[in-house]
Amino acid sequence: MAIEVRIPTILRNLTDGAKAVEGKGGTLDELFADLDVRHPGLRARLVDDKGLRKFVNVYLNDEDVRFLGGLDTALSDGDNVTILPAVAGG
Amino acid sequence: MLTIERALVDLIVAHARADHPDEACGVIAGPAGSDRPVRHIAMANAERSPTFYRFDSQEQLKVWREMDDRDEEPVVIYHSHTATEAYPSRTDVSYAAEPNAHYVLVSTRDADDVEFRSYRILDGEVTEEEVTVVDAYA
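Just so you know, the protein sequences line up as chains L and Y, in that order.
Just so you know, full-length UniProt numbering puts 85 at position 85 of the first sequence, and the rest follows in order with no gaps.
Just so you know, full-length UniProt numbering puts 116 at position 116 of the second sequence, and the rest follows in order with no gaps.
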């Protein structure tokens, strides 16, 4: 079992067009590191040196991870992670 | 070019007027690949601000899921400017992340007149496009 990760349109150039990919990790941070091995560059689009990028929304089983533990959020096999670019501006 | 029904333009303008002086924002969904805006979804502006907007993350997930289930995509993403021109700001450009969307801007700075303009925003580059308003799609 693994963790399914849904990828938004704008990042599918890093997943060969795949809408969803699988990865593993005990935390979100580990999951992103694992994904980056097969999809180089993906992690950098999600995380910067301060943590989760401000204008990326990441959901664990439909909960915004900002209200869970951010990058330290614990994951289990069978979890679903969804990534969406925030829609924002001035 | 954006082709859009008059009734949808009216809904966007009414939403922008109702939320003035805060910025209003929302989506017009349409069948994936059709480039045809059909279903109006007014979104909450989580910032409730006259100078900034952001979709509420939980509402966005729900709406994006729903579009996925219905084989739709966000054909139009709109928001209002309440004191300035209907032209994408620097932040609008840096956060634009839906390459297939028409970014519509409405300005409510003039109470009697409304500016309704549409743009493509790709890799930091803004291109204004013509807007054709029709009574009904052919």
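Each residue gets a CB set at the ideal place from its N, CA and C atoms; glycine is no exception.
Listed as beta-bridge partners of E98 (chain Y) by DSSP are no residues whatsoever. Listed along the chain, the chain L residues whose CB falls inside 8 Å of the CB of A42 (chain Y) amount to none; the nearest CB is some 13 Å away. Taken through DSSP and simplified to helix, strand or coil, L122 (chain Y) comes out as strand. T82 (chain Y) sits close to H20 (chain Y), with the two beta carbons spaced by under 8 Å. T132 (chain Y) sits exposed, since fewer than 16 C-beta atoms from the chains shown fall within 10 Å of its C-beta. Annotation for V75 (chain Y): the continuous beta strand (DSSP E) segment containing it runs E72 to H81. Look at the beta carbons and you see the segment 4 to 11 of chain Y not touching the segment 33 to 46 of chain L: under three pairs across the two are nearer than 8 Å. A44 (chain Y) has its alpha-carbon roughly 28 Å from the corresponding atom of A136 (chain Y). When CB distances to chain Y are screened at a threshold of 7 Å, the residues of the segment 33 to 57 of chain L falling below it are F55 and N57, in chain order. L84 (chain L) places its beta carbon 8 Å or farther from that of L71 (chain L). Using a Cβ-Cβ cut-off of 8 Å, D92 (chain Y) counts as an interface residue toward chain L, since at least one Cβ of chain L sits closer than that to its own. Look at R38 (chain L) here: in three-state DSSP terms it is helix.
Residue nearest to I77 (chain Y) within the set Y:D71, Y:D92 and Y:R65 is Y:D92 (criterion: CA-CA distance). Beta-carbon to beta-carbon, E4 (chain L) and N80 (chain L) are separated by about 5 Å, close enough to satisfy the 8 Å threshold. A contact between stretches requires three or more CB pairs, one per stretch, nearer than 8 Å, and the segment 32 to 42 of chain L meets this requirement with the segment 2 to 18 of chain L.
Taken through DSSP and simplified to helix, strand or coil, S107 (chain Y) comes out as strand. Annotated three-state conformation of G70 (chain L) is helix, per DSSP.
When beta bridges are read from the DSSP output, I41 (chain Y) appears opposite Y:V27.
Within the segment 64 to 86 of chain L, the residues whose Cβ lies closer than 8 Å to any Cβ of chain Y are, in chain order, D64, R66, T82, L84, P85 and A86.
Per DSSP, the beta-bridge partners of P85 (chain L) are L:V56.
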